[in-house]
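Protein chains: 2
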Amino acid sequence: MRDGGVDAVHVTIAYHEDFRETVRNITDWNLRFQRHSDLIMQAFTGDDIRHARATGRTAIIFGFQTPAPIEADIGLVEVVHRLGARFMQLSYNNQSLLATGCYEAEDPGLTRMGRQVVTEMNRVGLVVDMSHSADRSTLDAIAHSQRPIAITHANPAKWHPARRNKSDTVLRALAESGGMLGLSLYPHHLRDGSACTLQSFCDMVARTAELMSVDQIGIGSDLCQDQPDSVVEWMRVGRWTREIDYGEGSASAAGFPDQPDWFTDNRSLPGLADGLRNAGFSQEEADKIMGDNWLHFFDRNFGPLSDDRTNYTSAARA
Amino acid sequence: MRDGGVDAVHVTIAYHEDFRETVRNITDWNLRFQRHSDLIMQAFTGDDIRHARATGRTAIIFGFQTPAPIEADIGLVEVVHRLGARFMQLSYNNQSLLATGCYEAEDPGLTRMGRQVVTEMNRVGLVVDMSHSADRSTLDAIAHSQRPIAITHANPAKWHPARRNKSDTVLRALAESGGMLGLSLYPHHLRDGSACTLQSFCDMVARTAELMSVDQIGIGSDLCQDQPDSVVEWMRVGRWTREIDYGEGSASAAGFPDQPDWFTDNRSLPGLADGLRNAGFSQEEADKIMGDNWLHFFDRNFGPLSDDRTNYTSAARA
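Chains A and B, in that order, are what the protein sequence lines are. Everything in the first sequence is counted per my numbering, starting at 4 for the first residue and increasing by one. Everything in the second sequence is counted per my numbering, starting at 4 for the first residue and increasing by one.
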């Protein structure tokens, strides 16, 4: 990450882990922060990222790919935010207590608990992430959330019609509500998969900027650098089935797919910035896409709501 | 219960409790079994109920009103069955990981995890209970389950159109699949509520026997004897909202409603049997409804599947 000039990373610290298991992952990260304080530090705010950059380190932002860490307890939203969580997906491929994932046959939208939890996430500053959610749930989340949401890692379905990629309807609604899209470099989300070219990717970014605005897109690499295949099985299977589910893969290609040769690890990021400029973006626009947009989003959305509109608990109990 | 001649009770030992909290409730019950072995004993099988009856005691059958005790872990199905759980509702008013509850606006049916969990419940002998579920999820569970399911406590919606009561379509599908309906004595499920008469109730039982067969109905009293109002708040609110949800009640009537004067506690059960005979049931039919049907259902459905059709795990992994 240092060789690639990476100032900040949104790290998945939980897929299907429950609260206690997530806390164990956090203590593992806290030990890394202590042992490798010359290289990494935890970020709770946008300013922490500025501090990491000024001191030549990479800021680590905690995120959850499912709502499993809050279990069935809305009170844990505030607790995980205090511990550093800044993104939480409302569903991951399957139905959750809150919303529907993109692999379910049908999508009834946000659940009763989902609406309550989004309001609570808004209150404390935990960003709603709908990367693996189904379309109607995503549109519901955009409509119900008082603050902008994010789709941290996905691409337009028009470019590559994978189940995880997003329709123009969703991307337009995301943009209109002030949300952010992180463009994914996971081969299953790329046109031509591992054979996708840098030019094809950057042309897609240009078309997405036209659709959403150049201020509302960034990178959401979905990079699984140096992770064993057991991680991808955990992502897909968790503990919800006793069979194997291959998700975006298949029985004959169950592991991580090969990355395209122009994006193999974190050191490839400068080359991606070059590709954006070659696709017609100005230096300022490329800087926005490579990080400035996310930084401004973090500044606005990682802290509590400044006013007291959501202090509904005392009102409802009064 | 002894004064009412109650041989067996299906006791709710978890609403929104997670696995660890459920185990704590089980250890509380185990202590009661030890301290009051002259009055109660745990039932794992139908024969345990025959033994309780022969020794003048009441058998306690553990049940869960939500799937919260298995959290997001299909492996816990077998574990809770080993600990004595014999009924588990797939959803309770709200959307769960498995199915939809009757208070959600829409019902997409069983989820991906729901189908896996029903298969696993079938394998070990944990009965699917859809008392608080929405209609489509209930029909899905009936269709997907290899073994009969139960609606342990609800009445026909045609008699009293409460959200918790069931349509004729659901009741017919339940009967055709060999399932059981437990008729509820909770005032919110009764025509005229607390003012419901014994004759009105028993006439409803007669009509339900015509619809479903006299062999597939029993009592599912939903009785909350000597419980404080905090229990009804825990049922309704759990930890899914920071507001108060009144469920079947209302802000002005938040607690338990009054029972009808002919069914105030367990001692009222013999009078209910009299009422059934006065409504035209024979002694044998009244006995079936008062307990024999449930006993035969337990005999068939509390143990593992006798054949190995569901040994899919090793096959899928081979």
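Virtual Cβ for every residue (Gly too), placed ideally from N, Cα, C.
Interface residues of chain A facing residue i [CB-CB closer than 8 Å]
i, result
"SER99(B)", "LEU100"
"THR114(B)", "ASN97, GLN98 and GLU107"
Residue i and residue j closer than 8 Å at C-beta
i, j, result
"ASP138(A)", "SER170(A)", "yes"
"ASP10(A)", "ALA62(A)", "yes"
"TYR95(B)", "HIS135(B)", "yes"
"THR323(B)", "MET116(A)", "Residue numbering for chain B in the displayed model covers 4 to 321; residue 323(B) lies beyond these limits and cannot be assessed."
"ASP21(B)", "PRO72(B)", "yes"
"ILE145(B)", "GLY182(B)", "yes"
"VAL14(B)", "MET4(B)", "no"
"GLY128(B)", "PRO273(B)", "no"
"LEU174(A)", "PRO159(A)", "yes"
"ASN304(B)", "ARG150(B)", "yes"
"GLN92(A)", "GLN68(A)", "yes"
"ASP132(A)", "GLY59(A)", "no"
"GLY185(B)", "THR211(B)", "no"
"TRP265(A)", "LEU201(A)", "yes"
"LEU298(B)", "ILE52(B)", "yes"
"SER187(B)", "ASP195(B)", "no"
Residue i, DSSP secondary structure in three states
i, result
"ASP132(B)", "strand"
"ARG89(B)", "strand"
"ALA282(B)", "coil"
"VAL173(A)", "helix"
"HIS299(A)", "helix"
"PRO190(B)", "helix"
"PHE67(A)", "strand"
"ALA108(B)", "coil"
"ALA256(B)", "strand"
"LEU142(B)", "helix"
"MET4(A)", "coil"
"LEU201(A)", "helix"
"ARG320(A)", "Residue confidence for ARG320(A) is low, a pLDDT of 33 falling below 50, so the modelled location carries little weight and cannot support an answer."
"PRO273(B)", "helix"
"GLY196(B)", "helix"
"ALA289(B)", "helix"
"ALA153(B)", "strand"
"GLY294(B)", "helix"
"LEU101(B)", "coil"
"GLY185(B)", "strand"
Neighbour-count burial assignment, residue i, 16 or more Cβ in a 10 Å radius
i, result
"GLN262(A)", "buried"
"SER233(B)", "exposed"
"LEU275(B)", "buried"
"SER285(B)", "exposed"
"ASP225(B)", "buried"
"ALA108(B)", "exposed"
"ALA318(A)", "Here ALA318(A) scores only 36 on pLDDT, less than 50, and its place in the model is too uncertain to base an answer on."
"LEU101(A)", "buried"
"SER309(A)", "exposed"
"ASN33(B)", "exposed"
"THR122(A)", "buried"
"SER148(B)", "buried"
"ASP110(A)", "buried"
"PHE47(A)", "buried"
"SER255(B)", "exposed"
"GLY78(B)", "exposed"
"HIS39(A)", "exposed"
Contacts of residue i in chain B (Cβ-Cβ under 9 Å)
i, result
"PRO111(A)", "GLN98, THR103, GLU107, ALA108, GLU109, ASP110 and PRO111"
"GLN119(A)", "TRP243, THR244, ARG245 and GLU246"
Chain-ordered neighbours of residue i on chain A, where CB pairs are closer than 7 Å
i, result
"ILE77(B)", "ARG242, TRP243, THR244 and ARG245"
"GLU287(B)", "The premise fails here: GLU287(B) is roughly 43 Å from chain A at the closest Cβ pair, so nothing lies under 7 Å."
"HIS54(B)", "The premise fails here: HIS54(B) is roughly 34 Å from chain A at the closest Cβ pair, so nothing lies under 7 Å."
Cross-chain neighbours of residue i in chain B, by beta carbon under 7 Å
i, result
"GLU123(A)", "ARG245"
"HIS19(A)", "ALA75"
"ALA71(A)", "ALA75"
Contact set between residue i and chain A, taken where Cβ atoms lie within less than 9 Å
i, result
"ASN84(B)", "What sits at residue 84(B) in the sequence shown is His, not Asn. In chain order: nothing, as chain A lies at least about 14 Å away."
Near the ligand HEM: residue i beta-carbon under 7 Å from a heavy atom
i, result
"LEU184(B)", "What this structure holds is no ligand at all, so the ligand HEM is not there to describe."
Along the chain, which unbroken stretches of the alpha helix (DSSP H) at least 4 residues long are found entirely within the region 6–87 of chain A? Secondary structure in the region 6–87 of chain A: the alpha helix (DSSP H) runs of 4 residues or longer, each lying completely within the stretch, are 22–38, 49–57 and 79–85 in chain order.
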